[in-house]
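Peer 1:
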């Protein structure tokens, strides 16, 4: 009986092992992105709560501007509608008489938006421009 070679087995086993190494590396490489996205969303939710408190006290989102939010929530930096967010704890705010919006930069070129209306609408969005003015156009029901 001729001797059998197990070269095929090692070729398949090696390929599977290499694929597993690449898969684990990809998971570990992208793990910080999940935390960054969560941090950006949390920053927007904190800003939303502060804006809602101001709205409830004054009756309008128009008074929930960057200065008012800075006083209500000193743990974050708030900017006006035309000034872009530059990081996770930095929020660009746009206000109107019946709506309010915020944008946070998760990483360069990736921003999350939150848009509130007097009618109780809560809208979300993502994009590349991190200003409150752009966030005013968010219309998605979720991020």
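Numbering (the numbering used here), first residue to last: 30 to 172. A virtual CB, placed ideally from N, CA and C, is assigned to each residue, including glycine. Quantities reported herein were computed from a predicted structural model and do not represent experimental measurements.
For the segment 74–150, which segments carrying the beta strand (DSSP E) assignment without a break, of at least 3 residues, lie completely within its bounds, in sequence order?
Peer 2: As far as the segment 74–150 is concerned, its whole beta strand (DSSP E) runs of at least 3 residues are 106–108, 119–124, 128–136 and 139–146.
Peer 1: In the DSSP assignment, what residue or residues form a beta bridge with residue 153?
Peer 2: For residue 153, which the question treats as bridged, DSSP gives the partners 143 and 169.
Peer 1: What does a CB cutoff of less than 7 Å around residue 99 pick up in its chain, not counting 5 residues either side in sequence?
Peer 2: Hits under 7 Å: 107.
Peer 1: Alpha carbon to alpha carbon, how far is residue 42 from residue 32? Give it in angstroms, no decimals.
Peer 2: Going from the Cα of residue 32 to the Cα of residue 42 covers about 21 Å.
Peer 1: Three-state secondary structure (DSSP) at residue 59?
Peer 2: Helix at residue 59.
Peer 1: Once the 5 residues before and after residue 83 are set aside, which same chain residues still bring their CB inside 7 Å of it?
Peer 2: Same-chain partners within the cutoff: 92, 93, 97 and 101.
Peer 1: Taking the CB atoms as reference points, tell me whether residue 161 and residue 135 lie closer together than 8 Å.
Peer 2: No. Outside cutoff.
Peer 1: Below 8 Å, can you find three or more Cβ-Cβ pairs linking the segment 117–132 to the segment 142–153?
Peer 2: Cβ pair count under 8 Å is three or more, so yes.
Peer 1: Looking at the structure shown, is residue 70 part of a helix, part of a strand, or coil, going by DSSP?
Peer 2: Residue state, collapsed to three classes: helix.
Peer 1: Just to confirm before moving on: does the CB-CB distance between residue 89 and residue 126 stay below 8 Å?
Peer 2: Closer than 8 Å, so yes.
Peer 1: Compute the distance between the beta-carbons of residue 72 and residue 151, then report whether it is under 8 Å.
Peer 2: Their beta carbons are not under 8 Å apart, which means residue 72 does not touch residue 151 by this criterion.
Peer 1: For residue 154 and residue 70, I'd like the C-alpha separation in whole angstroms.
Peer 2: Those two C-alpha atoms are separated by around 11 Å.
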